[in-house]
Every structure is written in C-alpha cells, then in structure tokens.
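Colleague:
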Amino acid sequence: MGWFLAGVYDRVMKPMEEHGLRALRAELIRDLTGTVVEVGAGTGLNLPHYGSGVERLVLTEPDRSMRSILSRRVEEARLAGNLGPAVVEVYPDPIERLPFATGSVDAVVCTLVLCSVPRVDRSLEELRRILSPTGRLAFIEHVAAEDRPGRLLLQRVIEPLWRLGAGNCRTTRRTAEAIERAGFRFERIERASLRKALPWVRPSVRGVAVPV
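FYI, in the numbering used here the residues of the sequence shown are 949 to 1160.
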C-alpha cells in the first residue's frame, strides 16, 4: 500500500467506523477463542475487539508501513493492559503463504482485505488449510453490487484507477462465491451497505464460514 496510504488509512476509515463499521467488527470477532489469525491486519482497527477467550493472536500484515503502525498499536495496547491474556504476535507473511501448520488455527479473521489480494481463490484455499476442522472464518468484505446494475457499472468503470491508488483494491470481487468455492459453507451471512463508504465500495458481505 505504501507509506501514503498507510498514513491516511485511519482518517479515511473514520466516518465508516463511527457509523457502524466499528460495531460490526466487534460483533464479528468478540466471541472468537483459542488461536486466532487475522490476515491483512492493516493498522490494527480490529485489535480492541478481541475477547478474553483468545489465547494467541497472530496479526499478519505484509505492507511495511502498515505493519509499523500495527506493531506500535499492539505495544500501546500491551502497555495499557488491554490485550487480556492473549499472546499477540505480528508477522509479515502474505496471505498466500502463511507459516502455520495445517489445521492448527481455531479462527481466521479477514476484514476488507480479500478485495486486494492478487489471487483470491488461492488465498482462501490457504485460509482453509490452516483452519482446524471445527475452525471459523470471520469476514467483512466489500463486494460487487450484483443486485444494482447501475452501481455495478460504476464499479467496473472506476476499478482500474481505484486499484492504482488504493493498494490493488478491486471493486467487483464476488467474495461470497469465492469463499464457497474454496470449500466453506456459511454459518451465517448478511449483505448490507457500509454507511459513509464511497459508492463503489459500499456493498458488503459479512458473516462466518466453516470448512466442509
């Protein structure tokens, strides 16, 4: 993403966070337990929402500038005593090559990250690999506006330019379908608009999926 995007990311996200996204993050991840891996953790906006049931939390972020902010936030939370009993680690590994044994993770979290990975199917296959048979994939992702032809056209038109300025973020990903292709079934799923988001990244899907 580069130093510029890392520097403005929280400011850009603030209206969305204040108008519902922060609450959605909390609802999604507060009950996760055991060993949890968050991929593409960015600047650490999910960090305050992990509950006391998390024993080990691994935050992966391949972008150096984002990872620097993330590491600082982890240290600040640790010093403030806000991390509970969890062991928290920050890794630089990309989502396609995660350094975890097959079936060794209790939950994976991805929020607004699958839009920017080069190969979404390969990335989801890797998440399925590391999850235990009873593991859970918790996700919030913006997606293609499949039920709004006018907005979908806007997404298609703007996507090439948007990718250049937004860290390869794609506006027309059909992420729910990709999750199913990778061998998951939905425990719960909901489609909604992200309030205060730009129109081409407003349609979203969120929920929990489990391996099949």
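Glycine included, C-beta positions come from ideal geometry on N, C-alpha and C.
Computed from a prediction, not measured in an experiment: that's the story for all the values here.
Quick check on Leu1112: buried or exposed, where buried means 16 or more other Cβ atoms within 10 Å of its Cβ?
Modeller: For this step, residue 1112 is matched to residue 164 along the sequence shown. It is exposed - the Cβ of Leu1112 has fewer than 16 other Cβ atoms within 10 Å.
Colleague: For Trp1110 and Gln1103, I'd like the C-alpha separation in whole angstroms.
Modeller: Position 162 of the sequence shown, counting from 1, holds the residue named residue 1110. Position 155 of the sequence shown, counting from 1, holds the residue named residue 1103. Distance between the alpha carbons of Trp1110 and Gln1103 is about 9 Å.
Colleague: Closer than 8 Å is the cut-off here; do at least three beta carbon pairs connect the region 1055-1071 with the region 1126-1135?
Modeller: Yes, since at least three Cβ pairs between the region 1055-1071 and the region 1126-1135 fall closer than 8 Å, the two stretches touch.
Colleague: Could you tell me which whole beta strand (DSSP E) segments of length 3 or greater appear in the region 983-1033?
Modeller: Entirely contained in the region 983-1033, the beta strand (DSSP E) runs reaching 3 residues are, in chain order, 1002-1008.
Colleague: DSSP has Ser1152 in a bridge; who is on the other side?
Modeller: In the sequence shown, the residue the question calls residue 1152 occupies position 204. According to DSSP, Ser1152 bridges with His1090, Ala1140.
Colleague: First and last residue of the beta strand (DSSP E) that includes Thr1123?
Modeller: Taking the first residue of the sequence shown as position 1, residue 1123 is located at position 175. Segment 1123-1129 is the alpha helix (DSSP H) holding Thr1123; no beta strand (DSSP E) there.
Colleague: Please list, in chain order, all residues of the same chain as Ile1043 whose beta carbon is under 6 Å from its beta carbon, the five residues on each side excluded.
Modeller: Locating residue 1043 in the sequence shown gives position 95, where the first residue counts as 1. Only Val987, Val1065, Ser1071 meet the Cβ criterion.
Colleague: Whole angstroms are fine: how far does the CA of Ala1025 sit from the CA of Thr1119?
Modeller: Here residue 1119 refers to the residue found at position 171 of the sequence shown. Here residue 1025 refers to the residue found at position 77 of the sequence shown. Looking at the two C-alpha atoms, the distance is approximately 33 Å.
Colleague: So, with DSSP's three-state summary, where would you put Pro1097?
Modeller: The residue given as residue 1097 occupies position 149 in the sequence shown. Note: Pro1097 maps to helix in three-state DSSP.
Colleague: What are the boundary residues of the beta strand (DSSP E) that Glu1037 is part of?
Modeller: Numbered from 1 along the sequence shown, position 89 holds the residue referred to as residue 1037. Start and end: 1035-1039.
Colleague: For Met949, does the three-state DSSP call read helix, strand or coil?
Modeller: To locate residue 949, count along the sequence shown from 1; it is residue 1. Confidence is the limiting factor: at Met949 the pLDDT is only 49, short of 50, which leaves the residue's position unreliable and the question unanswerable from this model.
Colleague: Just tell me which of Leu1079, Asn1116, Val1091 has its CA closest to the CA of Val1158.
Modeller: Taking the first residue of the sequence shown as position 1, residue 1158 is located at position 210. Checking every option, the nearest Cα to that of Val1158 belongs to Leu1079.
Colleague: Check whether the region 1087-1103 and the region 1044-1059 are in contact - that is, three or more C-beta pairs closer than 8 Å.
Modeller: Contact between the region 1087-1103 and the region 1044-1059 is present, because at least three Cβ pairs lie under 8 Å.
Colleague: Where DSSP assigns a beta bridge to Phe1132, which residues make up the other side?
Modeller: For the purposes of this step, residue 1132 is identified with residue 184 of the sequence shown, where counting begins at 1. The partner list for Phe1132 (beta bridge, DSSP) reads Pro1159.
Colleague: Assign Phe1132 to one of two classes, buried (16 or more other C-beta atoms within 10 Å of its C-beta) or exposed (fewer than that).
Modeller: Locating residue 1132 in the sequence shown gives position 184, where the first residue counts as 1. Phe1132 should be labelled buried.
Colleague: Kindly identify the DSSP beta-bridge partner or partners of Arg1056.
Modeller: Taking the first residue of the sequence shown as 1, we reach residue 1056 at position 108. It should be pointed out that residue 1056 corresponds to Val in this sequence rather than to Arg. Answer is Val985, Leu1085.
Colleague: Give the single residue among Leu969, Glu965, Val1022, Val1153 whose Cα lies nearest to the Cα of Cys1063.
Modeller: Here residue 1063 refers to the residue found at position 115 when the sequence shown is read from its first residue. If we check each option's Cα against that of Cys1063, Val1153 comes out closest.
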